[in-house]
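**Student:**
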Amino acid sequence: MQSESSARSEHSVGHAMLDDDHRKLWLAAQSFRDAALAGNIPHAMSLFERLVTAVQVHFLREELLLAAELAADLEPHRAEHHRLLRQFMLISGDGFRFLRSWPGLAGDLACQLLRQSLDHDLAETDGFPDLEPLPPLPSPGDQLHS
Ligand SMILES: [Fe+2]
Ligand SMILES: [Fe+2]
Numbered sequence: 004m005q006s007e008s009s010a011r012s013e014h015s016v017g018h019a020m021l022d023d024d025h026r027k028l029w030l031a032a033q034s035f036r037d038a039a040l041a042g043n044i045p046h047a048m049s050l051f052e053r054l055v056t057a058v059q060v061h062f063l064r065e066e067l068l069l070a071a072e073l074a075a076d077l078e079p080h081r082a083e084h085h086r087l088l089r090q091f092m093l094i095s096g097d098g099f100r101f102l103r104s105w106p107g108l109a110g111d112l113a114c115q116l117l118r119q120s121l122d123h124d125l126a127e128t129d130g131f132p133d134l135e136p137l138p139p140l141p142s143p144g145d146q147l148h149s
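With the first letter of the sequence shown counted as 1, position 39 gets the number 42 in my numbering; the numbers rise by one all the way through.
1. Once the 5 residues before and after His25 are set aside, which same chain residues still bring their CB inside 6 Å of it?
2. Using a Cβ-Cβ cutoff of less than 6 Å, which residues in the same chain neighbour Pro132 once the five nearest sequence positions on both sides are dropped?
3. By DSSP, does Ser12 sit in helix, in strand, or in coil?
4. Quick check on DSSP: helix, strand or coil for Pro79?
5. Which residues in the same chain have their Cβ closer than 6 Å to the Cβ of His84, if we skip the five residues on either side of it in sequence?
6. Taking only heavy atoms of ligand 2 into account, decide whether any of them is closer than 7 Å to the Cβ of Asp124.
7. Could you tell me whether any non-hydrogen atom of ligand 2 is closer than 7 Å to the CB of Ser120?
8. Taking only the alpha-carbon atoms, compute the straight-line gap between Glu65 and Leu108 and give it to the nearest angstrom.
9. For Leu73, does the three-state DSSP call read helix, strand or coil?
10. Closest to Pro2 by CA distance: which of Leu77, Leu125, Gly98 and Ala31 is it?
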C-alpha cells in the first residue's frame with residue numbers, strides 16, 4: 004500500500020500552490036539558461052528579469068502563507084530567501100556583466116540557486132503545516148462597490 008508521503012513527488016512540499024510556483028520557476032530558469040547558452044544575451048536579460056520578479060513574488064507568497072501558521076519560525080526561512088535573492092542579483096549587477104562574460108555559468112548559477120531554494124523548502128516540508136490557499140484578491144469592481 005502506498006503511503007501518503009510516498010504518493011507525493013520527490014519535489015513536492017505538500018502544498019499545491021507552492022508546488023505549482025516551484026514548477027513554473029524551474030521552467031523559467033531553464034528558459035533563461037537556454038537563452039544564455041545560445042548567446043542570446045538581450046533575450047536572456049529579459050528572461051532573467053522576469054525570473055527574478057517571479058522569484059520575488061513566490062518568496063513573498065510563501066512567506067505570507069508561512070507567517071499565518073509559523074510566525075515563530077519564519078525569520079530563518081525569510082533570511083534564506085534574502086540570501087538567495089542577493090546571489091541572483093550577482094547575475095544582473097553592473098549591467099549584466101557576469102551574464103555577458105560567462106553566459107553558461109550565469110545560466111547554471113540561476114538553476115543552482117533555484118535548486119537550493121527548493122531543497123531548503125523540501126528540508127522544511129515536515130514543518131510545513133497544512134496551509135490554506137490565500138483568499139483571492141478582490142476585483143476592481145468589488146472595491147468600487149464596497
Ligand atoms: Fe522558501
Ligand atoms: Fe519556495
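Don't be surprised by glycine CBs; every beta carbon is placed ideally from N, CA and C.
**Tutor:** Checking against the coordinates, here is how it stands:
1. In the sequence shown, the residue the question calls residue 25 occupies position 22. Excluding sequence neighbours, His25 sits near Leu121.
2. Position 129 of the sequence shown, counted from the start, is the residue given in the question as residue 132. Within the same chain, Pro132 has close Cβ partners Glu72.
3. Numbered from 1 along the sequence shown, position 9 holds the residue referred to as residue 12. Coil at Ser12, not helix or strand.
4. Mapped onto the sequence shown, residue 79 falls at position 76. Here Pro79 sits in helix by DSSP.
5. For the purposes of this step, residue 84 is identified with residue 81 of the sequence shown, where counting begins at 1. Phe62.
6. Reading the sequence shown from its first residue, position 121 is the one you call residue 124. Yes, the beta carbon of Asp124 sits closer than 7 Å to at least one heavy atom of ligand 2.
7. Looking up residue 120 in the sequence shown gives position 117. Checking every heavy atom of ligand 2 against the Cβ of Ser120, one is found closer than 7 Å.
8. Residue mapping note: residue 65 aligns to position 62 of the sequence shown, counting from 1. Residue mapping note: residue 108 aligns to position 105 of the sequence shown, counting from 1. For Glu65 and Leu108, the distance between alpha carbons rounds to 28 Å.
9. Residue numbering aside, residue 73 sits at position 70 when the sequence shown is read from its first letter. Of the three classes helix, strand and coil, the one that applies to Leu73 here is coil, per DSSP.
10. Only positions 4 to 149 of the chain appear in the structure, and residue 2 is not among them; the question remains open.
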